[in-house]
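K.L.:
Be aware that the sequence shown starts at 36, since it is given in this note's numbering, and climbs by one per residue.
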Amino acid sequence: MLAEVATTGPPQEAFLGPAATEDLQFRIESDLPSLMETATLDYDGGDVVSEAFVSDGVLTYRPRDLEEGTHTLDFTLDQPFVPWPVRRSWTFTVDRTRPRVELTGPPRPAV
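(1) State the DSSP-derived secondary structure class of Thr132, mapped to helix, strand or coil.
(2) Measuring CB atoms only, is the stretch 97 to 108 touching the stretch 58 to 76, in the sense that at least three cross pairs come out at less than 8 Å?
(3) With distances taken Cα to Cα, identify the nearest neighbour of Met71 among Ala41, Gly81, Arg131.
(4) Please classify Phe116 as buried or exposed, where buried requires at least 16 neighbouring CB atoms within 10 angstroms.
(5) With H, G and I counted as helix, E and B as strand and the rest as coil, what does DSSP make of Val40?
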C-alpha cells in the first residue's frame, strides 16, 4: 500500500515579497495519519519538524523570520510496504526589495 500525499505550498522557484511571506505555510496531508510519525522536515538543511503542527495526518509548517535569499524546504515520509519514501521539495526566494522605478519626461518641454 502506497501513501497518498497531498501538498500545498508556494509554486516552485517562487519569488515571495513581504505580503506572501507573512502568510507563507506548507501543508502536507496523508491518507495514512500514523505515517506522520516518520516525517522529516528540513528547512535550509536544518531539522524543523518539531516546529510543525501535526494533527490527523496533516502537517502544517509556517516558517518565521525569513531572511532574504533562496530557501529550500524538504519533506520526507516513510512508507510501510515499499523501500522508498514520499519526498516533496520546495525552493523559493524571499525578496523584500521594493522595485526601483525611474520616471523621465520627454527630451523637450511638453506643449
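No residue lacks a Cβ here, since even glycine has one placed at the ideal position from N, Cα and C.
No experiment lies behind these values; they were computed from the predicted model shown.
P.N.:
Quick look at the numbers:
(1) For the purposes of this step, residue 132 is taken as the residue at position 97 of the sequence shown. Of the three classes helix, strand and coil, the one that applies to Thr132 here is coil, per DSSP.
(2) yes
(3) Position 36 of the sequence shown holds residue 71. When each option's Cα is compared against that of Met71, the closest is Ala41.
(4) As a position in the sequence shown, residue 116 is number 81, starting the count at 1. Result: exposed.
(5) The residue labelled residue 40 in the question sits at position 5 within the sequence shown. If DSSP states are grouped into helix, strand and coil, Val40 belongs with the strands.
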